[in-house]
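Heads up, the sequence shown is in full-length UniProt numbering, so the first residue is 1 and it goes up one at a time. Please read the structure below before turning to the comments.
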Amino acid sequence: MGIIKVENIRVFAYHGCLKEETKIGSDYLVDLEVKADLQPSAKSDQLKDTVDYVLLNRIIKEEMAVPSHLLETVARRILDRIFKEDTMVRKATVWVSKLNPPIGGDVEKVTIKMMDRRK
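Here it is, written out as structure tokens:
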């Protein structure tokens, strides 16, 4: 097994429970870690034999563009699509962070972490 990380994907999106959040939007950071067998690609040097991180980045951007009340919902959608669209991924962990959340304090970010494995 091996690990591929895609880190600090910056996205502007419209998630939140407050009406204002869905109108003005916020900045987010998304991190992703996937586990897969990387030995075939290490030998072949071919993209078809590995997890394409361009695909992973696209999935994250597309799912972050769909407004949701909760970051948990967005993370679940990201994981579901990764397992559906890339059969090489065995396990995935996603972190979705809302920067400067409107929670009545000086808070840099709020992060949810969700993981799943192929069934």
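Every residue, glycine too, gets a C-beta built ideally from N, C-alpha and C.
In this model, residue 98 and residue 13 are separated by some 9 Å (Cα to Cα). For residue 119, there is no enclosing alpha helix (DSSP H), as DSSP marks it with neither H nor E. Listed in chain order, the beta strand (DSSP E) runs fully inside the segment 33–107 are 91–99, counting runs of at least 3 residues. The beta carbon of residue 52 lies closer than 8 Å to those of 86 in the same chain, with the five residues before and after it left out. Counting of Cβ neighbours within 10 angstroms places residue 63 among the buried residues, the total reaching 16 or more. Contact between the segment 29–48 and the segment 78–95 is present, with at least three C-beta pairs closer than 8 Å.
Take the alpha-carbon of residue 103 and the one of residue 118: they are about 35 Å apart. Residue 24 is positioned such that its CB atom lies no closer than 7 Å to that of residue 59.
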